[in-house]
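Read through the structure below, which is laid out as structure tokens, and then see the notes.
2 protein chains.
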Amino acid sequence: MAEYVLPLQELIDAFRKLPGIGSKTAARLAFSVLNFTDEDARAFADAILNAKSNLHTCPVCCNLSVDGLCSVCRDDGRDQSLVCVVENSRDVMAFERIREYRGTYHVLGGVLSPMHGIGPEQLHLKELFARLRDDTVKEVLIATNPTVEGEATASYLAKMLKPFGVEVSRLAYGLPVGGDLEYADEVTLHRAIEGRRPIY
Amino acid sequence: MAEYVLPLQELIDAFRKLPGIGSKTAARLAFSVLNFTDEDARAFADAILNAKSNLHTCPVCCNLSVDGLCSVCRDDGRDQSLVCVVENSRDVMAFERIREYRGTYHVLGGVLSPMHGIGPEQLHLKELFARLRDDTVKEVLIATNPTVEGEATASYLAKMLKPFGVEVSRLAYGLPVGGDLEYADEVTLHRAIEGRRPIY
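Chains A and B supply the protein sequences, listed in that same order.
Take the first sequence: its letters are residues 1 to 200, numbered as in the working numbering.
Take the second sequence: its letters are residues 201 to 400, numbered as in the working numbering.
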């Protein structure tokens with residue numbers, strides 16, 4: 001395939017390293033960068049380097065943090081007795097967006113996936129267990145994704161958490177709000193029946 | 201909406217400035233950059249700055265070039281008597297990919313679009329007319345896109361080129377190869393009939 005002039009081709013190749021970006025999209029994005037103002041291009045390059053060098057993980061919950069504790073762990077208004085265990089920092093943001101959850105988080109940094117060589121030692125489990133040593137935490141809400149790997153991780157975690165004597169819960173399964181019964185898959189519908197609740 | 205930690209949010213905002221990238225995609229891309237190696241992140245940032253500062257337009261055809269003439273204008277094997285007029289550098293690459301076209305190009309840098317405030321003075325027309333002063337160029341092939349604006353630009357160009365006494369041609373309209381008659385739109389089918397050719 002014919003190649004673009006070198007500086008452009010290098011930029012296209014850089015964009016192609018991003019997930020879900022093919023060669024046509026990469027070319028489109030690279031050309032749009034050429035139309036950026038010099039300041040915008042400089043800001044883009046700086047943002048990449050800053051994000052890469054200035055972000056660390058919170059020593060308590062392993063969420064992303066600029067330095068020391070993350071904003072949730074630093075917040076006195078948070079209920080320290082409830083820990084929501086999620087796969088990654090994006091899931092933390094999903095919870096923060098609903099503005100209702102007032103507990104803390106623990107970011108695993110992935111899920112168990114033998115296929116990808118990710119076992120318990122690759123996840124931030126040691127840090128989670130360390131938080132359970134004193135009696136502050138009363139409940140651990142496991143909020144891994146409702147996928148095969150998320151489920152396996154939840155089961156594994158539930159077993160590991162038993163000796164600590166904390167309450168262990170899992171997010172509810174059921175119909176998504178605004179969904180359509182007709183299009184619900186069998187497993188979800190089955191779980192919705194299992195998890196049915198009395199209405200008053 | 202809850203915000204990510206600052207360096208991450210700035211990177212997300214930078215990605216959002218790219219065309220067709222919404223907030224969810226921007227977050228996904230920004231997180232993937234965090235998983236880059238330091239070298240890859242540095243290479244990405246450098247590629248942005250390099251592309252921005254090292255690319256110029258070819259003084260003859262206005263295509264992208266690192267310095268001086270672009271690779272096509274510098275190539276002695278190219279037929280200097282045929283100029284293909286395209287909207288942008290991506291269109292040049294579309295022609296180069298077929299490896300059959302041996303003429304030169306002229307990049308307009310856009311199409312006439314009064315809605316977006318783009319008139320003839322915003323396009324690289326002066327440079328095109330300058331190339332027609334001596335008798336080197338015999339034919340101008342207008343290859344703007346088959347859109348309303350591309351058509352308007354082609355008509356305008358054809359009119360402007362008349363006094364120069366060069367042959368002016370336009371890309372053929374018709375059915376795309378591998379297409380399906382059933383799904384061809386009326387205008388395309390009409391043009392395919394108009395442009396029908398004898399088979400031997």
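Quick reminder that beta carbons are idealized off the backbone N, C-alpha and C, glycines included.
How about Glu-339/B and Glu-367/B: are their beta carbons less than 8 Å apart?
-> Here residue 339/B corresponds to residue number 139 of the second sequence, with the count starting at 1. Here residue 367/B corresponds to residue number 167 of the second sequence, with the count starting at 1. With contacts defined by Cβ atoms closer than 8 Å, Glu-339/B and Glu-367/B form a contacting pair.
Give a yes or no on whether 8 Å exceeds the smallest Cβ distance from Asp-240/B to chain A.
-> Within the second sequence, numbered from 1, the residue matching residue 240/B stands at position 40. Interface residue, yes.
Gly-222/B burial status per 10 Å Cβ neighbour count (16 or more: buried) = On the second sequence, position 22 is the one that residue 222/B refers to. The residue is exposed, with fewer than 16 neighbouring Cβ atoms inside 10 Å.
Opposite Cys-284/B in the DSSP bridges: which residues?
-> The residue you call residue 284/B lines up with position 84 of the second sequence. DSSP lists Tyr-305/B and Leu-341/B as the beta-bridge partner residues of Cys-284/B.
Using a cut-off of 8 Å between C-beta atoms, extract the partners of Leu-218/B located in chain A.
-> If you number the second sequence from 1, residue 218/B lands on position 18. What Leu-218/B touches in chain A: Leu-29, Ser-32 and Val-33.
Proximal residues, the segment 261-275 of chain B versus chain A, C-beta separation under 8 Å | Under the 8 Å Cβ criterion, the segment 261-275 of chain B contributes Leu-264, Ser-265, Val-266, Cys-270 and Ser-271.
Starting from the beta carbon of Ala-226/B, find every residue of chain A whose beta carbon is closer than 7 Å, and list them in chain order.
-> Translated into the one-based positions of the second sequence, residue 226/B becomes position 26. The contacting residues do not exist; Ala-226/B stays about 11 Å from chain A at best.
Do Cys-262/B and His-316/B come within 8 Å of each other at the CB atom, strictly closer than that value?
-> Position 116 of the second sequence, counted from the first residue, corresponds to residue 316/B. Position 62 of the second sequence, counted from the first residue, corresponds to residue 262/B. Not in contact: His-316/B and Cys-262/B (Cβ atoms no closer than 8 Å).
Verify whether the separation of the beta carbon atoms of Ala-247/B and Ala-51/A is less than 8 Å.
-> The residue you call residue 247/B lines up with position 47 of the second sequence. The residue you call residue 51/A lines up with position 51 of the first sequence. In terms of Cβ geometry, Ala-247/B and Ala-51/A do not form a close pair [threshold 8 Å].
What is the DSSP secondary structure of Asp-238/B, reduced to helix, strand or coil?
-> Position 38 of the second sequence, counting from 1, holds the residue named residue 238/B. Here Asp-238/B sits in helix by DSSP.
Partners in chain A for Asn-192/B, counting only beta-carbon separations shorter than 7 Å = Given a span of 201 to 400 for chain B in the structure shown, any question on residue 192/B remains unanswerable.
To which residues of the same chain is Gln-9/A closer than 8 Å at the C-beta, ignoring the five residues directly before and after it?
-> Numbered from 1 along the first sequence, position 9 holds the residue referred to as residue 9/A. Taking C-beta separations shorter than 8 Å and ignoring five residues to either side along the sequence, the partners of Gln-9/A in its chain run Glu-3, following chain order.
N- and C-terminal bounds of the beta strand (DSSP E) containing Glu-168/A = Sequence index remark: in the first sequence, residue 168/A carries index 168 (1-based). Per the sequence shown, the amino acid found at residue 168/A is Val instead of Glu. First-last of the beta strand (DSSP E) with Val-168/A: 167-170.
Kindly list, in the order they appear in chain A, the residues whose Cβ is closer than 7 Å to that of Leu-323/B.
-> Here residue 323/B is taken as the residue at index 123 of the second sequence, counted from 1. By Cβ distance, chain A contributes nothing, its closest Cβ being about 16 Å from Leu-323/B, past 7 Å.
Keeping to the same chain, check which residues put their C-beta closer than 7 Å to that of Arg-170/A; ignore five residues upstream and five downstream.
-> Along the first sequence, one-based indexing puts residue 170/A at 170. Apart from the 5 residues on each side of it in sequence, Arg-170/A sits with its Cβ closer than 7 Å to the Cβ of Ile-142 and Ala-154 in its chain, given in chain order.
Relative to the alpha-carbon of His-324/B, which residue among Leu-269/B, Ala-227/B, Thr-257/B and Arg-299/B has its alpha-carbon at the smallest distance?
-> Here residue 324/B corresponds to residue number 124 of the second sequence, with the count starting at 1. Among Leu-269/B, Ala-227/B, Thr-257/B and Arg-299/B, the Cα nearest to that of His-324/B belongs to Thr-257/B.
Three-way DSSP call (helix, strand, coil) for Ile-199/A in this model = Along the first sequence, one-based indexing puts residue 199/A at 199. Ile-199/A falls in the coil class under three-state DSSP.
Can the beta-carbon of Val-5/A be found closer than 8 Å to that of Leu-269/B?
-> Numbered from 1 along the first sequence, position 5 holds the residue referred to as residue 5/A. Numbered from 1 along the second sequence, position 69 holds the residue referred to as residue 269/B. Judged by beta-carbon spacing, Leu-269/B lies beyond the 8 Å limit of Val-5/A, meaning their Cβ atoms are not closer than that value.
For a contact meaning CB atoms closer than 7 Å, what does Leu-108/A contact in chain B?
-> In the first sequence, counting from the first residue as 1, residue 108/A sits at position 108. Near Leu-108/A there are no residues of chain B at all, since even the closest Cβ is about 15 Å away, more than 7 Å.
Residue nearest to Asn-35/A in terms of C-alpha spacing, selected from Gly-277/B, Ser-289/B, Ala-294/B and Glu-321/B = By 1-based counting over the first sequence, the position of residue 35/A is 35. Checking every option, the nearest Cα to that of Asn-35/A belongs to Ser-289/B.
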